[in-house]
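Chains as they are written, first to last, in this note's numbering: chain B, 2 to 343; chain W, 2 to 343; chain R, 2 to 343. First comes the structure, then the notes that go with it.
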Amino acid sequence: MTRRLDEIVARFGGDLRGDESIAITGLASLETATAGQLSFLANSKYRGQLAATRAAAVILSPEMADQCPVAAIVTPHPYLYFAHLSQWLAEGPRPLTGIHPSAVVESDIPTSVSVGPQVWIGPDVVLGENVVIGAQCRIGAGVRIGADCQLYPGVTVYASCRIGCRAIIHSGVVIGADGFGFARAPDGKWVKIAQTGRVVIGDDVEIGANTTIDRGALEDTIIGDGVKLDNQIQVAHNVHIGANTAMAGCTGVAGSAIIGAGCTVGGAANILGHLSLADGVNVSSGTLVGKSITVPGTYTGTVPFMAHADWLKNFSRLRHLDALADRIRALEKRLTAIEPEK
Amino acid sequence: MTRRLDEIVARFGGDLRGDESIAITGLASLETATAGQLSFLANSKYRGQLAATRAAAVILSPEMADQCPVAAIVTPHPYLYFAHLSQWLAEGPRPLTGIHPSAVVESDIPTSVSVGPQVWIGPDVVLGENVVIGAQCRIGAGVRIGADCQLYPGVTVYASCRIGCRAIIHSGVVIGADGFGFARAPDGKWVKIAQTGRVVIGDDVEIGANTTIDRGALEDTIIGDGVKLDNQIQVAHNVHIGANTAMAGCTGVAGSAIIGAGCTVGGAANILGHLSLADGVNVSSGTLVGKSITVPGTYTGTVPFMAHADWLKNFSRLRHLDALADRIRALEKRLTAIEPEK
Amino acid sequence: MTRRLDEIVARFGGDLRGDESIAITGLASLETATAGQLSFLANSKYRGQLAATRAAAVILSPEMADQCPVAAIVTPHPYLYFAHLSQWLAEGPRPLTGIHPSAVVESDIPTSVSVGPQVWIGPDVVLGENVVIGAQCRIGAGVRIGADCQLYPGVTVYASCRIGCRAIIHSGVVIGADGFGFARAPDGKWVKIAQTGRVVIGDDVEIGANTTIDRGALEDTIIGDGVKLDNQIQVAHNVHIGANTAMAGCTGVAGSAIIGAGCTVGGAANILGHLSLADGVNVSSGTLVGKSITVPGTYTGTVPFMAHADWLKNFSRLRHLDALADRIRALEKRLTAIEPEK
């Protein structure tokens, strides 16, 4: 879709500097943009790329505006502007409404809904207006999905779960499978604890491919409004994730963890169970959070990698770190004993 | 489903103290239980919640019974009692037996089996009595699944794999995909090694959502009786997992690892290949097991997390730990050289 | 399928020693092989098993040939030979060509293609000759898949993605879901950045079960020729993976990472975003790669595990490693101050 700069500014605001009639055919980074493409400068680290850009125009902040060699859209939040714009330019035609003849739908659904090929929708399901259910999704009995949600092909929602409005749920996601709860019998066998809670998901949530969110054991697993989950995340039973928290791929959250609002969790981090994270906590990639965090801020716990031979030499010392500390204490005592008094 | 306390005790045993006619409408924790709900006290850590509980009754051990302010079911294993009871209270109607008209079934199956919408069952498949195959499962040629198994929607079982009786398999599970086996040619290209083993799963196994278990290369991958696997676990080719071992979410087991019986593996732990774990080993969450473990017990290898600035300061030292140890040894020598003889 | 040794050598080469008429019924390891089975000795570590093998014949290198107590196929690359042979012996009948009547196919496809039950293929899809699409795959609009690819049941390919020739893609794989890209608004809400790139996959790629590869944000995510990805790998948007790189299960690659050719990445390793790995880098299992690697070689960053009590004692020291180092420096100064001059 081609848009003129003045159309863009009319829709999203910002201060336009340069030829308002320039036609924008797409978006690109400063470095790769070519004629007709609109770019953005959101991080001053990339300021050096501005002078040489071949973009037709650049979205940037007032402080950068004077250095822009091409047309500019000046706004205090260039990346946010770019985000909104990217959605508009990417808009395609809505999928056809109605139910594909190969789908099996056991509930009444609004005529504005689009149900793709080979979908199964169980009984007592309530779908909001304009919901799009991709091919081969499986929606269990009693599920509710709010207006304007989009489920990509192959999403599974177990019985009774709730999804708010405007969710985007990617392929392979499983919502509402049983939490991992067992009692151990004296003979070592595990006896299943029925998982009778639900998953309750707020509005404006996005869930990445193959992520799994388990239903609660007795109460519900709760995902707040505006939460963004990347791919292959595991959320265990009874977890609460606060509003607008974002978690990168391959993270795991163990049972009954309570994560605050506005947190960020880096990729492959893991949060153990039965603990809580305050609002505004940032967990670095690869970090294992083993106890509660009550103070906002960034927390890290990863080890540096190194050439394998160096690693062998250095990390074998970890097995004896306590002994090393003891040797330091012993040295301090011995030295004190022979040092002249001051 | 509402049950009277005397009905519960008649079925599951235990010593009932209090009004046997109390009607139980559901289960809840001590802290959240309200009128009509049955709770349990399994961990003395929560003993403090007993006095204030509003539960109608509590399942607890003989030592706690005298402190219970409401009706009680007294049993030596309260959590186990609770587990059995939770299953009974959660029982719903069985799914309809028979084959949904949208399913494609190329094998003869018992009339007691329930095959959901859009399922594909290949040729030469043998299903036991009362098996439930959820919507859109895909069951490859020659698969055998024992009596009373339940497959949730969207499970994949590759050709020739075997599943015992009473398995519960959650959505997105893939059983029997090819193991990761290649020979590297002199030009750097990888040549696939055909994976011709199977996955053979015992009785009473539960497998969580999106977990994958690869078929063996030449022999079989074997999952013992009573094994419980949480979500998003990866089990590589030729692995053996012993009976009643339980593994939490996001764990990985590399090829040809042999894990004993009655082990527990915490979330996001990883077990490298071609090693073995004795029976009764407990691996802590997040731990990488890089060599065999021959003695039962609990094993751990994770690093503490800390505020990012503290982490920068402390963990950069890991790159020089060997040098630090050398400096300690040097200090010891220098000090010895000048210390007066005793 | 039974093959005589002379048939095998006629097809794959090698120097046959012993009775050329021996019929081979299958492959097995040196230790487990029984009459009629062909084994291999590829790693001199297993040389000790040669004398006692009951295999009908063994594939081995010239240096080992004289020690072989049974018939032998002598070749400089025994494991590679074994790999090629394993494929030949495992060859089954090709699936029926044509479109299963339960599939929904909205594109013209070659008559040599096999489309399984309940598959959905969207519009404008181009499939090469002899492609096999397993049950319930979902192929979005505009996708191209090269000749001789095999997709196992339940694979999802989002719109516009490209897959080269001879790919093997396992169940639950999701190719082309949206990358994880958001701009944070001043009120803490995340605004989605449309992900308009594709996933472009080269020839001869294998992708393991439940692996996810996200589409690029503006440009494409690129998987080179001959890349082998194990199960449950997450590849984020804009990643490039060079030719013939192999990654083991549960690894994660964050956005915009550039991984060279001929690399190996061990299981559960993670590679952070916006960095690059040279060709020929080997990352050890469980290692977090937090900065670029420019020199080929093996890199590691994991901690040893130990009995839990030992771990408590040793790893708590990590919180104070910087202080320990300071104490060592202080000791050095104090000691220097009192040491006699040399």
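We put the CB at the ideal spot given by N, CA and C, even for glycine. Computed from a predicted model, the values in this text were never measured in an experiment.
- Residues of the region 85 to 104 of chain W with a C-beta less than 8 Å from any C-beta of chain B: H85, S87, Q88, L90, A91, H101 and S103, listed in chain order.
- With its beta carbon at least 9 Å from every one in chain B, M2/W lies outside the interface.
- Between the region 194 to 209 of chain W and the region 170 to 180 of chain W, the count of Cβ pairs shorter than 8 Å is three or higher; the stretches touch.
- By the rule that beta-carbons nearer than 9 Å mark a contact, F83/B touches chain R.
- DSSP places I74/B in no alpha helix (DSSP H) but in the uninterrupted beta strand (DSSP E) bounded by A72 to V75.
- Within the DSSP secondary-structure output, K193/B pairs in a beta bridge with F183/B.
- Excluding five sequence positions before and after G274/W, the CB atoms of its chain that fall closer than 6 Å to its own CB belong to A255, G256, S257 and A258, given in chain order.
- Taking C-beta atoms under 8 Å as the contact rule, W121/R and R12/R fail to qualify, at a distance of about 39 Å.
- By the neighbour-count definition (other C-beta atoms within 10 Å, threshold 16), V296/R is an exposed residue.
- Distance between N315/R and L42/R, taken at the CA atoms: about 42 Å.
- Along the region 291 to 314 of chain R, going in chain order, the ones with a CB nearer than 7 Å to a CB of chain W are T303, V304, P305, F306, M307, A308, H309 and W312.
- For the pair H101/R and P124/R, the CB atoms are not nearer than the 9 Å cut-off.
- At a beta-carbon threshold of 9 Å, none of the residues of chain W lie near L289/R; the nearest stands roughly 11 Å away.
- Neighbours of T33/W in chain B, taken as residues whose beta carbon is under 9 Å from its own, are L219 and E220 in chain order.
- Not flagged as an interface residue toward chain W: E64/R, since no C-beta distance is shorter than 9 Å.
- Rounded to the nearest whole angstrom, the CA to CA distance from G267/R to L319/W is 22 Å.
- With respect to S115/W, V127/W sits apart: the two C-beta atoms are not nearer than 9 Å.
- Interface with chain W (9 Å Cβ-Cβ cutoff): P187/R is excluded.
- Linking R328/B to A324/W through their CA atoms gives a straight-line distance of about 15 Å.
- Counting only runs of 3 or more residues that sit fully inside the region 212 to 254 of chain R, the beta strand (DSSP E) segments are 213 to 215 and 222 to 224, in chain order.
- It is roughly 9 Å from the alpha-carbon of S161/B to the alpha-carbon of V201/B.
- Taking 9 Å as the CB threshold, C162/B stays off the interface with chain W.
- Taking 9 Å as the CB threshold, V132/W stays off the interface with chain R.
- For K46/B, there are no neighbours in chain W by C-beta distance under 9 Å, as the nearest C-beta there is about 19 Å away.
- Around I339/R, the beta-carbon contacts reaching into chain W at under 8 Å are I339.
- Judged by DSSP secondary structure, T301/R falls within the beta strand (DSSP E) whose first and last residues are G298 to T301.
- Residue range P79 to A91 is occupied by the alpha helix (DSSP H) that includes L86/R.
- Linking A91/W to I140/B through their CA atoms gives a straight-line distance of about 20 Å.
- Between the alpha carbons of S293/R and A84/W lies a gap of roughly 50 Å.
- Proximity to V304/W across G287/B, M307/B and L313/B peaks at G287/B, based on C-alpha coordinates.
- When the beta-carbon positions are compared, D231/R and M248/R come within less than 9 Å of each other.
- Measuring C-alpha to C-alpha distances from G302/B to each of L313/B, V284/B, G99/B and A308/B identifies V284/B as the nearest.
- Any Cβ of chain W closer than 9 Å to the Cβ of S285/B would place that residue at the interface, and such an atom is present.
- With a threshold of 9 Å between beta carbons, Y153/B makes no contact with chain W.
- By the criterion of a C-beta distance shorter than 6 Å, T3/W is surrounded in its chain by A24 and T26, once the five residues flanking it on both sides are discounted.
- Contact of R335/B with chain W by beta-carbon distance below 8 Å involves L336 and E340.
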